[in-house]
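Per the numbering used here, the very first residue in the sequence shown carries number 1205; after that it's consecutive.
Below is one structure; the comments refer to it alone.
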Amino acid sequence: KKSKEKKAKKKERRHKRSRRGDEDDDSSSSDSVSSRRERKRERKRQRKETRKTSDYQKEERGDTRSQVVAQAFHNLLQEKPDFASELPIILIRLAGGTTFDLRQVTERRIAIGLESIFEALEPFGIKRDDN
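Okay, structure coming up:
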(Lines of atoms letter the chains of each structure in order from A and count residues from 1; the text may use other names and numbers.)
(Lines give C-alpha, C1' and ligand atoms only; values in the text may rest on other atoms or scores of the structure.)
Protein backbone atom coordinates (compact mmCIF):
# COMPACT_ATOMS: atom_id res chain seq x y z
CA LYS A 1 0.00 0.00 0.00
CA LYS A 2 2.79 2.41 0.93
CA SER A 3 4.74 1.64 -2.22
CA LYS A 4 1.70 2.62 -4.31
CA GLU A 5 1.51 5.93 -2.45
CA LYS A 6 5.21 6.53 -2.99
CA LYS A 7 4.85 5.77 -6.70
CA ALA A 8 1.93 8.16 -6.98
CA LYS A 9 3.84 10.95 -5.25
CA LYS A 10 6.87 10.32 -7.43
CA LYS A 11 4.72 10.45 -10.56
CA GLU A 12 3.12 13.70 -9.36
CA ARG A 13 6.56 15.26 -8.81
CA ARG A 14 7.65 14.24 -12.30
CA HIS A 15 4.47 15.76 -13.69
CA LYS A 16 5.16 19.06 -11.90
CA ARG A 17 8.71 19.12 -13.23
CA SER A 18 7.58 18.52 -16.79
CA ARG A 19 4.96 21.31 -16.48
CA ARG A 20 7.68 23.71 -15.30
CA GLY A 21 9.65 22.92 -18.43
CA ASP A 22 6.58 23.56 -20.59
CA GLU A 23 6.14 27.01 -19.06
CA ASP A 24 9.62 28.01 -20.15
CA ASP A 25 8.63 27.64 -23.81
CA ASP A 26 6.68 30.88 -24.18
CA SER A 27 8.74 34.08 -24.07
CA SER A 28 6.85 35.94 -21.33
CA SER A 29 7.25 33.19 -18.77
CA SER A 30 10.89 32.62 -19.72
CA ASP A 31 11.50 36.32 -19.06
CA SER A 32 9.92 35.99 -15.64
CA VAL A 33 11.95 32.84 -14.93
CA SER A 34 15.20 34.49 -15.98
CA SER A 35 14.42 37.62 -13.99
CA ARG A 36 13.57 35.40 -11.01
CA ARG A 37 16.93 33.69 -11.42
CA GLU A 38 18.69 37.03 -11.63
CA ARG A 39 16.99 38.27 -8.46
CA LYS A 40 17.93 35.05 -6.67
CA ARG A 41 21.56 35.36 -7.79
CA GLU A 42 21.63 38.99 -6.67
CA ARG A 43 20.23 38.12 -3.22
CA LYS A 44 22.81 35.35 -2.87
CA ARG A 45 25.62 37.73 -3.86
CA GLN A 46 24.41 40.35 -1.39
CA ARG A 47 24.25 37.82 1.45
CA LYS A 48 27.78 36.70 0.63
CA GLU A 49 29.01 40.31 0.63
CA THR A 50 27.27 40.98 3.95
CA ARG A 51 28.92 37.90 5.46
CA LYS A 52 32.34 39.01 4.26
CA THR A 53 31.78 42.50 5.64
CA SER A 54 30.63 41.25 9.04
CA ASP A 55 33.62 38.89 9.28
CA TYR A 56 35.94 41.75 8.41
CA GLN A 57 34.28 43.98 11.02
CA LYS A 58 34.75 41.30 13.66
CA GLU A 59 38.44 41.14 12.84
CA GLU A 60 38.68 44.92 12.95
CA ARG A 61 36.83 45.13 16.26
CA GLY A 62 39.44 42.95 17.91
CA ASP A 63 38.95 40.09 20.33
CA THR A 64 36.29 37.48 19.84
CA ARG A 65 34.49 35.92 22.81
CA SER A 66 36.81 32.93 22.89
CA GLN A 67 39.88 35.13 22.74
CA VAL A 68 38.63 37.13 25.73
CA VAL A 69 38.12 33.91 27.73
CA ALA A 70 41.55 32.59 26.72
CA GLN A 71 43.17 35.87 27.73
CA ALA A 72 41.44 35.77 31.13
CA PHE A 73 42.72 32.22 31.73
CA HIS A 74 46.18 33.21 30.57
CA ASN A 75 46.31 36.20 32.91
CA LEU A 76 45.25 34.14 35.94
CA LEU A 77 47.59 31.25 35.24
CA GLN A 78 50.47 33.56 34.50
CA GLU A 79 50.04 35.11 37.96
CA LYS A 80 49.43 31.79 39.78
CA PRO A 81 50.60 28.77 37.71
CA ASP A 82 49.99 26.34 40.58
CA PHE A 83 46.29 27.25 40.45
CA ALA A 84 46.00 25.25 37.21
CA SER A 85 45.26 22.06 39.17
CA GLU A 86 42.31 23.63 41.01
CA LEU A 87 40.80 25.52 38.09
CA PRO A 88 39.21 22.50 36.31
CA ILE A 89 37.42 21.49 39.53
CA ILE A 90 36.05 25.01 39.93
CA LEU A 91 34.82 25.06 36.32
CA ILE A 92 33.15 21.66 36.68
CA ARG A 93 31.37 22.80 39.83
CA LEU A 94 30.37 26.02 38.12
CA ALA A 95 28.89 24.06 35.20
CA GLY A 96 26.96 21.97 37.72
CA GLY A 97 25.30 25.07 39.16
CA THR A 98 27.50 25.77 42.17
CA THR A 99 27.90 29.43 43.06
CA PHE A 100 31.16 30.96 44.23
CA ASP A 101 31.55 33.90 46.58
CA LEU A 102 34.79 35.49 45.44
CA ARG A 103 34.83 37.65 48.57
CA GLN A 104 35.69 34.47 50.50
CA VAL A 105 38.84 33.81 48.44
CA THR A 106 41.81 34.70 50.62
CA GLU A 107 44.29 35.43 47.83
CA ARG A 108 43.17 38.66 46.18
CA ARG A 109 44.97 37.99 42.86
CA ILE A 110 43.17 34.67 42.44
CA ALA A 111 39.83 36.32 43.22
CA ILE A 112 40.48 39.04 40.64
CA GLY A 113 41.57 36.44 38.07
CA LEU A 114 38.50 34.29 38.67
CA GLU A 115 36.27 37.34 38.45
CA SER A 116 37.73 38.23 35.03
CA ILE A 117 37.23 34.61 33.88
CA PHE A 118 33.62 34.59 35.07
CA GLU A 119 32.96 37.92 33.34
CA ALA A 120 34.48 36.55 30.13
CA LEU A 121 32.19 33.50 30.41
CA GLU A 122 29.00 35.60 30.69
CA PRO A 123 28.23 35.32 26.94
CA PHE A 124 28.32 31.54 27.43
CA GLY A 125 25.67 31.60 30.18
CA ILE A 126 27.62 32.24 33.38
CA LYS A 127 25.65 34.79 35.40
CA ARG A 128 26.97 37.05 38.10
CA ASP A 129 25.01 37.08 41.36
CA ASP A 130 25.61 40.37 43.20
CA ASN A 131 24.08 39.17 46.48
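Yeah, the Cβ is synthetic: ideal placement off N, Cα and C, and Gly gets one too.
Sub-8 Å separation of residue 1313 and residue 1290 beta-carbons:
Working through the sequence shown from its first residue, we reach residue 1313 at position 109. Working through the sequence shown from its first residue, we reach residue 1290 at position 86. Cβ distance not < 8 Å, so residue 1313 and residue 1290 don't count as in contact.
According to DSSP, is residue 1355 helix, strand or coil? With the chain represented from 1205 up to 1335, any question about residue 1355 goes unanswered, as that position is not in the structure.
inquiry  = What does the Cβ neighbour count give for residue 1331, buried or exposed, with the cut at 16 atoms within 10 Å?
reply    = Sequence index remark: in the sequence shown, residue 1331 carries index 127 (1-based). With fewer than 16 other Cβ atoms within 10 Å, it is exposed.
Less than 6 Å between C-beta atoms, sequence neighbours within five positions excluded: which residues of the same chain meet that for residue 1315? Taking the sequence shown and counting its residues from 1, the one referred to as residue 1315 is at position 111. If we look at residue 1315 and ignore the five residues flanking it on each side, its Cβ neighbours are 1306 and 1309.
key: Classification of residue 1296 by the beta-carbon crowding that lies within 10 angstroms, buried from 16 upward   = On the sequence shown, residue 1296 is found 92 positions in, with the first residue counted as 1. By the neighbour-count rule (16 or more Cβ atoms within 10 Å), residue 1296 is not buried but exposed.
- Task: Using the Cα positions of residue 1272 and residue 1246, report the straight-line distance between them to the nearest angstrom.
- Result: If you number the sequence shown from 1, residue 1272 lands on position 68. If you number the sequence shown from 1, residue 1246 lands on position 42. The straight-line gap from Cα to Cα measures roughly 37 Å.
Practice task
Can you tell me which of 1276, 1285 and 1281 puts its alpha carbon nearest to the alpha carbon of residue 1326?
Solution key: As a first step, residue 1326 is located in the sequence shown; it is residue number 122 there, counting from the start. Nearest C-alpha to residue 1326: 1276.
Decide if residue 1329 is buried, meaning its Cβ has at least 16 other Cβ atoms within 10 Å, or exposed.
-> Along the sequence shown, read from residue 1 onward, the residue named residue 1329 stands at position 125. Residue burial annotation: residue 1329 is exposed, with fewer than 16 other C-beta atoms found within 10 angstroms of its C-beta.
| Cut-off 8 Å between Cβ atoms - residues of its own chain near residue 1321, not counting five sequence neighbours on either side | As a working note, residue 1321 is residue 117 in the sequence shown. Around residue 1321: 1273, 1276, 1277 and 1280.
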